[in-house]
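Student: Following this message is one structure expressed as structure tokens.
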């Protein structure tokens, strides 16, 4: 293994090899797989999951787990769009701030329950998963919102290129994904708070004895995931051009699988999200529900 | 994944209905109750239908409501219908997701005397009435005709339906495909139909995939209200508006911008609100016995509706209306496209969307920067730390009782005492983890330091190296050592270079060489210990506690550690050393403070102290270390091992053990001691050789066979592997012998359990508050006794103790040598 790649762990290496094999197989058997259009499609479709994954990684690093983030994102979508429509539509800046803030608040609920009552994170977040979804269904009446602010439904194309197979586009969610991934990397690798999160996940008793503020770290980890989830929700609503209360229900399992298998190598988490999209591409027979 | 939810309105509807039932008002008041179960709640199509139901219900004075599952799942509809049956409604209306799945539950409803009414389900059997606002044949054919005309009879097209089991959509699709085949032979379907049209995103993804796979795809026929929207978005995304046609029934409010941009090219539809009105009007009439004549027409929508009566009892199929459908079908643009109440009307969007290792040589030698001081602390000068009258209680256990503890700057002091004597509690009190009881005197450098917390203690220069080291195994050596830089740092940026430099300097000062970038988990125990010491020194420590630092070290490593402790002392750092190895204690320290059972025994200079005297002080009794009299007769061995080998672990091992004999097994760390023990315990299988147990060859498939034979094994890492920490002392004690505690009916007998637990707590003199307390509340030494009692409770014939002296008292654990048990004792230290 060349030195350049030495930072890639053995698990990640295997994942990369497996995904490379799948890609090679698909490229050989169909002529539409190995095209710029398809690559960009994968990127556009993976963006929401990668944003979720970046947030979830922070919680996993801190030694916790969260089940509730995807329905949390649905709650954020619903609240944000309702509020924005009430104040006359708003704009992207307001949308991002509102979504991230509402997401952070939901994350803070998880952090409070886990830290203050010393409960196990999986138990708490399964409970809040049901709580969030139940309340969302009750208050929304299960009714989707199709009337979104115009800025939210208008597709934002950052890069476009016409190929023989059609237009290849990079859209806004990809840029947002890149920013969130970069910010998460900066938090975990370059900020002392990130190192404290690592330490807490590694040995919580040791971290406590060193004087790390365990409570603050809980709020940071779950709040960060919440904010990422809120932004992912905004991107999903933007992409789908509608808010459907149960659209993100069940998404947590895909993201969890990707991040848990990919952890601790964050790159692999992203790669696996790709893999998921690849897998969904492998079987074009859609769901019949 | 079950997704189910009722809309709020329907929940309220249900609540109203049940209130009426409960109050008996339902029966008196002759109001008709109609419940309508639709495919899916929350989409504009059925929102409009609900508006129709409400409006007409109010007009007619009946109680009608709609129930919509959260996804288009037939099973959820079955549940909703069962709920309505239980509520005792008069009429159930259904827009089925799957006609066949609903037959049994609809049959049950009718058996209960409930009238059943369906819409968009031409072949439903168990209904009183099915009504359509258009004939399926005509509707489908009209779509086929329109698509064929618009494509000039050329090209590929794809068909979406709401689900492969949705009755009406598939009837439409059948008719459309048949029409195209008959009239436009050059057109070709792209695959079979796709059941995605109740979900925008699924329709969109499928449409994108289809367009990629079929270059020549020219049109989408999407039946199901979300399908046209999703397909149109995909076409928009691919910029094929005008090139690929999208047709199908949808809600104009939802599709307004797509219509405006010319991507949704056509569709026939009716207003679902009308269907809602029909449900209520027709339902009410059926309930009142008015709708018995076929061909009946209702006002308002008579010209656009056709109903046919189902021959209810016969098994023959429904006969399709023969009326020409052309008057029924209406292009959306002409009439029904008008924004309506409940359809989220708003003007179209103003514009179409825009296109667009090792310590490096440079850091050596900072050792000289520190003033070299000799250890002058032999009784004169001021105390660095002075403690008096320190007591601490935990629940029912008096952990510390009036302790005095003093230490001079730069001194090496040993804290000695048996397990559970309160050493750890004392350290935790001094480092601010525990608060002492009122009345304690605690002074640091002559100033009062009561009210200490861990952060303050560290700020003063008190550092503790815990027995478990409290390191971060996944993080690098440098980061573990210099971690405190990350706490409260401004700016909050991580400075890896400074961290490495700091860690390197400290390791240099200790005179050791550990790769800075290696993760701590890859280090040996001895090196981890050094990392922990290095971390303590980073924070300008003046007093360092080392809790059992030598417990897992080899002799050579211990010597190196002692050398380092001496060096710290030279640098005027006081060290409190906790160890069970009395020889070390006497070698290294100038004074020794002895605790016993939480009480202060005294502080003595080590000069002139002997191991025997120290033992006596610690235990309060005199021990005779004379060798046991050797047994003269040679009993037949209980276990004999011949030429046992396991590749890479041990080779050609032979020995025999007699009953009651204690055998020591010794060797270096990694010499195969633990590996051999694991084989004797059945956890690994030897490659060659023989094990004879009580005269017969012993073959073990797993350690369960070993336990059954009477072999017990207490692991090296007793605390993490040997105990279930959060469970109670009692539960931990009996976990190995649960099958012996069975009483009547094969249930666990609490009395037997109590007896056994009491027996072992007493026999091993475990100091516990109550047997119900969690094991984690016990001190390290007492936890070890619980591990031991757990295995002794199995009444083993052979007990294998792996490194039994790691952290074990100087006094032999009473009860660990029952005469019937042979104890092969394995010394852990290398020779």
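Chains as they are written, first to last, in our numbering: chain W, 9 to 297; chain Y, 149 to 979.
We put the beta carbon where it would ideally sit given N, CA and C, even for glycine.
Can you tell me the Cα-Cα spacing of residue 198(W) and residue 66(W), whole angstroms?
Tutor: CA-CA distance, residue 198(W) to residue 66(W), rounds to 14 Å.
Student: Is the beta carbon of residue 389(Y) less than 8 Å from the beta carbon of residue 376(Y)?
Tutor: no
Student: Using the rule of at least 16 other Cβ atoms within 10 Å of the residue's Cβ for burial, across every protein chain shown, is residue 170(W) buried or exposed?
Tutor: Per the 10 Å Cβ criterion, exposed.
Student: May I ask which residues mark the beginning and end of the alpha helix (DSSP H) holding residue 113(W)?
Tutor: 100-124
Student: Return yes when the Cβ of residue 336(Y) is within less than 8 Å of the Cβ of residue 304(Y), no when it is not.
Tutor: yes
Student: Using a Cβ-Cβ cut-off of 7 Å (strictly less than) and excluding sequence neighbours within five positions of residue 125(W), which residues of its own chain qualify?
Tutor: none
Student: Excluding the five sequence neighbours on either side, which residues of its own chain have a C-beta within less than 7 Å of the C-beta of residue 163(W), listed in chain order?
Tutor: 179
Student: Is residue 134(W) near the ligand MN, with its Cβ less than 7 Å from a heavy atom?
Tutor: Ligands in the displayed structure: none, and consequently the ligand MN is not present.
Student: Considering only residues of the same chain and omitting the five flanking positions on each side of residue 840(Y), which have a CB-CB separation below 6 Å?
Tutor: 788
Student: Mind checking if residue 634(Y) is an interface residue toward chain W, Cβ cutoff 8 Å exclusive?
Tutor: Among the CB atoms of chain W, one or more fall inside 8 Å of the CB of residue 634(Y).
Student: Listing by chain order, which chain W residues have their CB less than 8 Å from the CB of residue 336(Y)?
Tutor: The CB of residue 336(Y) never comes closer than 8 Å to any CB in chain W; the least such distance is about 18 Å.
Student: Where does the unbroken beta strand (DSSP E) through residue 614(Y) begin, and where does it stop?
Tutor: Looking at the DSSP string, residue 614(Y) is not in any beta strand (DSSP E), and its letter there is neither H nor E.
Student: Among 47(W), 143(W) and 204(W), which residue has its Cα nearest to the Cα of residue 177(W)?
Tutor: 47(W)
Student: Just the Cα atoms here: how many angstroms apart are residue 391(Y) and residue 229(Y)?
Tutor: 44 Å
Student: Take residue 230(W) and list the residues in its own chain whose beta-carbon comes closer than 8 Å to its own, dropping the five residues that flank it on each side.
Tutor: 67, 72, 74, 115, 116, 118, 119 and 122
Student: On the DSSP letters alone, give me the boundaries of the beta strand (DSSP E) that residue 881(Y) sits inside.
Tutor: Run containing residue 881(Y): none in the beta strand (DSSP E); it sits in the alpha helix (DSSP H), 877-882.
Student: Rounded to whole angstroms, what is the Cα-Cα separation between residue 209(W) and residue 676(Y)?
Tutor: 19 Å
Student: In angstroms with no decimal places, state the Cα-to-Cα distance between residue 11(W) and residue 660(Y).
Tutor: Low per-residue confidence applies at residue 11(W): pLDDT is 48, beneath 50, and the placement is therefore not dependable enough to give any value.
Student: Tell me which residues share the same chain as residue 299(W) and place their Cβ nearer than 6 Å to its Cβ, disregarding the 5 neighbours each side in the sequence.
Tutor: There is no way to answer for residue 299(W), as the model of chain W reaches only from 9 to 297.
Student: Give the interface partners of residue 218(Y) over in chain W, defined as CB-CB distance under 8 Å, in chain order.
Tutor: 145, 150, 253 and 254
Student: Quick one: give me the first and last residue of the beta strand (DSSP E) that residue 750(Y) is part of.
Tutor: For residue 750(Y), the enclosing beta strand (DSSP E) has its first and last residue at 747-753.
Student: Mapping DSSP to helix, strand and coil, what is residue 264(Y)?
Tutor: strand
Student: Tell me, to the nearest whole angstrom, how far the beta carbon of residue 220(Y) is from that of residue 346(Y); I am working on the premise that it is less than 8 Å.
Tutor: 4 Å
Student: Note the first and the last residue of the continuous alpha helix (DSSP H) segment covering residue 900(Y).
Tutor: From DSSP, the alpha helix (DSSP H) with residue 900(Y) extends over 898-911.
Student: From the DSSP secondary-structure annotation, give me the bridge partner or partners of residue 546(Y).
Tutor: 541(Y)
Student: Identify the continuous alpha helix (DSSP H) that holds residue 46(W) and give its terminal residues.
Tutor: 44-69
Student: Going by beta carbon distance, what residues of the same chain come within less than 7 Å of residue 172(W), once the five residues before and after it are set aside?
Tutor: none
Student: Based on the DSSP output, what are the partners of residue 553(Y) in its beta bridges?
Tutor: 535(Y)
Student: Confirm, please, whether the CB-CB distance from residue 939(Y) to residue 860(Y) is below 8 Å.
Tutor: yes
Student: Identify every residue that forms a DSSP beta bridge with residue 171(W).
Tutor: Residue 171(W) pairs with 174(W).
Student: Using only the alpha-carbon positions, how far apart do residue 931(Y) and residue 683(Y) sit?
Tutor: 28 Å
Student: Does any residue of chain W have a CB that is nearer than 8 Å to the CB of residue 164(Y)?
Tutor: With a pLDDT of 34 at residue 164(Y), under the threshold of 50, the predicted position of this residue should be treated as unreliable, and no value is reported.
Student: If we call anything under 8 Å between Cβ atoms a contact, is residue 736(Y) one with residue 825(Y)?
Tutor: no
Student: Which residue spans inside the stretch 189-217 of chain W form an unbroken alpha helix (DSSP H) run of at least 4?
Tutor: Here the runs fully enclosed are 200-210 and 212-217.
Student: On the CB-based measure, 16 or more other CB atoms within 10 Å of its CB, does residue 594(Y) come out buried or exposed?
Tutor: exposed
Student: Would you mind telling me which residues of chain W sit closer than 9 Å to residue 619(Y), beta carbon to beta carbon, in chain order?
Tutor: 210, 211 and 214
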